[in-house]
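Novice: For reference, the structure I am asking about is given below.
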């Protein structure tokens, strides 16, 4: 193999400052990668978020060329759906018509039975072309392994006890020091002399990157395409770096960690280029130019026809569930809930639930057993962008959607400064003791003796967990016991009354609840309880940043009950009767138990109504568990036995599928509950209340489409990609997971790239897929011009709708209309 002299640092670097063009290209390449969140704050993310400005099938072309993967399922999946009736002939014909294809449908059917060719793997890097390195692996695999290990060490701030990272080091600096000290680098990569070559690399990242771009002869377009392709080779850590930058941006900080990762990969490419022969260089250069020239063709157009037909099959079942005339107003048994009018009868209870698809099942059964209740759908953080500070030396947890930055803080309090200080001291001391034991365990002199001795202390817990016996007294979340003091994020001052009024008015108008308040209002958050589950946060409330929603619900109830807030609200046209009181609740999505909070604050006059509500929640929980039993393979149990079975899943550390989370989500509906009440939507639909009669300005609809709809899109395409792109955007087999950095993420087996997305066990039951990969159907009850105004005003909404990342429909008096290419089409 050819060896070249090491690069020489430039004496006068001022003459080689980076140009705006290539800096912009690096930034754009990073923006094509979707961010991910830490395990303890895990939220579902649309993996194609950075590609939202392109048509979905164009994005598929890019991913095929740059990563060798497809966004779609293999033909065998659609063949099975066709043969099983999941796709019928009308679905196929409608898909062909929508695609503007006049071919014979039989031709498309015949293609399903042809042998499939595997996706070609990308080979546009010199590292793909150089001869095999250790044990037959390509140098690219060795480089990805080296960079991934470096990222794992750099971002680990909790798990490693012997860190070699200096606090001031950047990722690039840390990597450069690592490769210069790695004596096995030449052997593992198969590039002889590369370590010595890297020692001569300029220490300044921008200068090293500039020289790499210059030697590789990359213009701005080629750099964008090539940089994105390199990031896709290490997609897990690229997404993590993008997440670091994203969260820094929400805090108003400038972070360019993802650009540093591209710089590392570009320098590696330059190193390989420097050690390649002329023929290898020419081959790589030609392939890089082809990569930059791609503008997104319609590759595998025929397979996209089947994907759309598959989605039309689901929509057909949704329209059937909603009824032949979904626009017709429907009253319940009491005649209470009329569309766009003042309710003719006051509900006994109003229960606000998160729009999460799991709430749909519980809401439906609660309405069955309690005809006098009105359930309402709203984002589970209840419009409160907060960060929660618990007692003790614990990191504050953000409880809001990942799209937003926190504005307020919730400070735990026992009611007095003295009590808070005493509790903090006790928790600090306990953590100091634990940390002392941890340090001793990892000390060089006590590694074996202390570990073996202290390990005995865990014997009972291991036996108990193996026997699946819950802890004495059961689980009690500290949030059930501690009062939160709501203050401004900066400064810590308590909220002004005007701020409280704005918050309450905001979430009441957002859920179209501004009149006819029930005597009892219940803000119901949701959460999960599982053991030995790194992806536990993925089962909690995505609107609360992967946390349980109880504390947000409690704050909403406290603000609603504030007498001064009510006086001010009345002046704004929201009059709350004096006998209307709010409490909070939390729905455990593993067991379908509903726990009520702060009931002691209710007046005695509400005692009977509260007791009745608790009984109805129990019965609705029984019915919900019966409906979920088949998917959990728990059929045949009586109610009490079934409850014990699902409850055991919260404490069973061997359970890989405690629940199915949001698997099979497929649609979101913005409409009054009257439109969907008593309709069995099979736990597949997000339900957000919206009354168009209360939103003449369209401001509420704009807020709903630019926040809850986008969150639902993130969830939908996270599950979609975890099925269709299992090896890239799925986390793999959780039985093989090892946690990285305490809460950074997981790797699978002996792999080194971060595995992102959902574990296989969250979307597959061992025999069948539990999630159908369909793009989100958005159904809105609003005038056409109001929806169009939002599309014009909000670029992200326009991108998702116009580029077919979601399917947008509106309800009409005759049925439904689809928004397609700027026009409404009856369907």
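Residue numbers (this note's numbering): 30 to 856. No residue lacks a Cβ here, since even glycine has one placed at the ideal position from N, Cα and C. Here the structure is a predicted model, which is why all the values come from computation and not from measurement.
1) Are the region 816-836 and the region 709-719 touching, with three or more C-beta to C-beta distances below 8 Å?
2) Three or more C-beta pairs closer than 8 Å, one from the region 584-594 and one from the region 643-660: is that the case here?
3) Tell me the rounded alpha-carbon separation between residue 839 and residue 855.
4) Residue 458: which of 448, 422 and 429 sits nearest, CA to CA?
5) Mind checking whether residue 559 and residue 679 have CB atoms under 8 Å apart?
6) Based on the DSSP output, what are the partners of residue 570 in its beta bridges?
7) What does a CB cutoff of less than 6 Å around residue 510 pick up in its chain, not counting 5 residues either side in sequence?
8) Apart from the five residues just before and just after residue 261, which ones in its own chain have a Cβ nearer than 6 Å to its Cβ?
9) May I ask you to report which of helix, strand or coil DSSP gives residue 624?
10) Closest by CA to residue 630, which one among 637, 620 and 611?
11) Evaluate residue 251 with the Cβ neighbour count: other Cβ atoms within 10 Å of its Cβ, from every protein chain shown; 16 or more gives buried, anything less gives exposed.
12) With a threshold of 8 Å, are at least 3 pairs of Cβ atoms found where one atom belongs to the region 587-595 and the other to the region 524-536?
13) How about residue 783 and residue 66: are their beta carbons less than 8 Å apart?
14) By a C-beta neighbour count over all protein chains shown, 10 Å radius and 16 as the cutoff for buried, is residue 41 buried or exposed?
15) How far does the alpha helix (DSSP H) with residue 87 in it reach, from first residue to last?
16) Take residue 805 as the anchor and find which of 648, 82 and 694 has the nearest alpha-carbon.
17) Measure how close the beta-carbons of residue 763 and residue 675 come, nearest whole angstrom, since I'm counting them as under 8 Å.
18) Consult DSSP for residue 840 and reduce its assignment to one of helix, strand or coil.
19) How far does the alpha helix (DSSP H) with residue 546 in it reach, from first residue to last?
20) I need the straight-line Cα distance from residue 173 to residue 263, nearest angstrom please.
21) Can you tell me whether residue 682 is helix, strand or coil according to DSSP?
22) DSSP three-state label for residue 221, please.
23) Decide if residue 523 is buried, meaning its Cβ has at least 16 other Cβ atoms within 10 Å, or exposed.
24) When the Cβ atoms of the region 427-434 are set against those of the region 657-677, are three or more pairs found closer than 8 Å?
25) For a quick check, are the C-beta atoms of residue 733 and residue 719 less than 8 Å apart?
26) Locate the alpha helix (DSSP H) running through residue 149, then write down its first and last residues.
27) Just checking my contact of residue 298 with residue 128 at CB under 8 Å: how many whole Å lie between their CB atoms?
28) Return the first residue and the last residue of the alpha helix (DSSP H) that residue 738 is part of.
29) For the alpha helix (DSSP H) containing residue 177, list its first residue and its last residue.
30) Return the residue from the list 377, 755 and 579 that minimises the CA-CA distance to residue 103.
31) Just how far apart, CA to CA, sit residue 288 and residue 55?
32) Could you tell me the alpha carbon to alpha carbon distance between residue 723 and residue 701, rounded to whole angstroms?
33) For a quick check, are the C-beta atoms of residue 578 and residue 564 less than 8 Å apart?
34) Apply the 10 Å Cβ neighbour rule to residue 301 and answer buried if 16 or more other Cβ atoms are within range, or exposed otherwise.
35) Since residue 547 and residue 378 are thought to touch, with beta carbons under 8 Å apart, how far apart are those beta carbons, to the nearest angstrom?
36) What separation, rounded to the nearest whole angstrom, lies between the Cα atoms of residue 136 and residue 111?
Specialist: Reading off the structure:
1) no
2) no
3) 10 Å
4) 422
5) yes
6) 576
7) With a pLDDT of 49 at residue 510, under the threshold of 50, the modelled position of this residue cannot be trusted; read the value that follows with caution. Excluding sequence neighbours, residue 510 sits near nothing in its chain.
8) 95 and 96
9) strand
10) 611
11) buried
12) yes
13) no
14) Residue placement at residue 41 is flagged as unreliable, the pLDDT there being 44, under the threshold of 50; a coordinate-derived value is accordingly withheld.
15) 85-96
16) 694
17) Not confirmed; about 20 Å, so no contact.
18) strand
19) First-last for residue 546: undefined, no H or E at that position.
20) 6 Å
21) coil
22) coil
23) exposed
24) no
25) yes
26) Per DSSP, residue 149 belongs to no alpha helix (DSSP H) and is neither H nor E.
27) So it is not a contact: roughly 38 Å between Cβ atoms.
28) 737-753
29) 168-184
30) 755
31) 6 Å
32) 11 Å
33) no
34) buried
35) 5 Å
36) 14 Å
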